[in-house]
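Undergrad:
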Amino acid sequence: MSDNGCGFPAPGLQSFLFKPLATVGGFEFNKVMLLALVTSVVVVAFFWAAFGKAKVVPGKLQMIGEAGYDFVRRGIVYETLGKREGEKWVPLMVSLFFFVWIMNIWSVVPLAQFPVASVFAFPVVLAALVWILWVGLTFKRHGFVGFFKNITGYDKSLGAVLPLVMLIEFFSNLLVRPFTHAVRLFANMFAGHLMLVMFTVASWYLLNSWMIPAAGVSFVMTMAMICFELFVQAVQAYVFVLLACSYIQGALAEHH
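Our numbering numbers the first residue of the sequence shown as 89 and each following residue consecutively.
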């Protein structure tokens with residue numbers, strides 16, 4: 089019986105906690121880490137298989153790989169950075185897109201059934217990498233003075249409100265930006281997984297009670313949630329990479 093007295097095992101934070109699969113020297117390796125590792129292997133293996141022996145007349149796998157690569161290159165990178173500046177960033181953004189997407193897709197894969205990005209540490213690391221890249225690129229492109237102007241939104245035409253704007257922009261860019269970049273991905277995957285678990289458990293609970301018709305409704309909702317999650321998972325990968333590109337675009341922009 090659950091704590092609520094009705095027997096329904098309501099999902100909560102326990103749905104995001106896993107016992108370690110192995111412990112080495114005090115380091116615990118759990119299911120989420122395994123899925124993240126498998127995600128890396130899947131992405132590398134797919135593109136290796138698709139482009140390792142690329143042909144002029146592509147096979148099916150190469151066509152799929154080219155379609156995915158071209159979608160990120162033309163639909164995100166070129167649209168944000170332009171072809172000339174963006175070309176050098178395409179491999180990184182393609183890697184980020186498919187890594188985030190596959191991390192999310194595990195949510196609806198049997199046996200895995202968990203989105204890696206719903207554990208906050210993973211979006212944080214990815215957002216931190218983008219942030220470090222943005223800071224380093226801004227400093228390299230503009231030097232110390234230009235870097236300061238870039239992150240503070242310096243614009244002398246603002247007049248008396250310039251100090252306030254610079255203070256807000258400083259904290260926004262250095263602290264809020266990486267946090268929101270990570271939270272946006274994490275929160276969507278966390279909420280989506282919680283909803284899926286709730287409807288799945290409810291379907292099973294109702295099926296084993298006298299409310300069998302309600303179990304059918306809950307099952308339909310579960311299927312609808314899975315379809316919706318597939319859409320959200322792709323959108324979140326798209327948004328994450330789009331924001332990464334916009335940050336790079338900001339680092340490359342000229343400030344006067």
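Every residue gets a Cβ at the ideal spot worked out from N, C-alpha and C, and that includes glycine.
Could you tell me whether the Cβ of Val249 comes closer than 8 Å to any Cβ of chain B?
TA: Given the protein chain composition of this structure (a single chain), no chain B is represented.
Undergrad: With distance defined between alpha-carbon atoms, name the residue in Val253, Thr168, Glu173, Pro179 nearest to Gly156.
TA: Of Val253, Thr168, Glu173, Pro179, the residue nearest in Cα terms is Pro179.
Undergrad: With distance defined between alpha-carbon atoms, name the residue in Arg229, Phe287, Ala275 nearest to Ile336.
TA: Closest option to Ile336, Cα to Cα, is Arg229.
Undergrad: Quick one: residues in its chain with C-beta nearer than 6 Å to the C-beta of Phe104, no 5 flanking neighbours on either side, listed in chain order?
TA: Contacts found: none.
Undergrad: If you check the beta carbons only, do Val212 and Met191 fall under 8 Å apart?
TA: Cβ distance not < 8 Å, so Val212 and Met191 don't count as in contact.
Undergrad: In the DSSP output, what is Ala138 paired with across the bridge?
TA: For Ala138, which the question treats as bridged, DSSP gives no partner whatsoever.
Undergrad: Can you name the residues that DSSP bridges to Phe117?
TA: DSSP, once it has assigned bridges, lists Ala110 as partnering Phe117.
Undergrad: How about the segment 326-341 and the segment 161-170: do they share at least three Cβ pairs that are nearer than 8 Å?
TA: Short answer: they touch.
Undergrad: Using only alpha-carbon positions, find the residue among Gly113, Phe307, Val126 that is nearest to Ala200.
TA: Closest by alpha carbon: Val126.
Undergrad: Please report how far the alpha carbon of Phe115 lies from the alpha carbon of Gln102, in whole angstroms.
TA: The alpha-carbon atoms of Phe115 and Gln102 are separated by roughly 21 Å.
Undergrad: Does the distance between the C-beta of Ser103 and the nearest non-hydrogen atom of the ligand ZN fall short of 7 Å?
TA: This structure lacks the ligand ZN, and indeed carries no ligand of any kind.
Undergrad: Can you grab the Cα-Cα spacing for the pair Ala216 / Glu257, in whole Å?
TA: Going from the Cα of Ala216 to the Cα of Glu257 covers about 18 Å.
Undergrad: Does the distance from the C-beta atom of Phe362 to that of Val131 stay below 8 Å?
TA: Residue 362 lies beyond the residue range present for the chain, which begins at 89 and ends at 344; the question has no answer from this structure.
Undergrad: Keeping to the same chain, check which residues put their C-beta closer than 6 Å to that of Leu184; ignore five residues upstream and five downstream.
TA: Only Val329 meet the Cβ criterion.
Undergrad: Would Trp194 and Leu123 be called neighbours here (beta carbons separated by less than 8 Å)?
TA: Yes, the pair counts as a contact, with Cβ atoms nearer than the cut-off.
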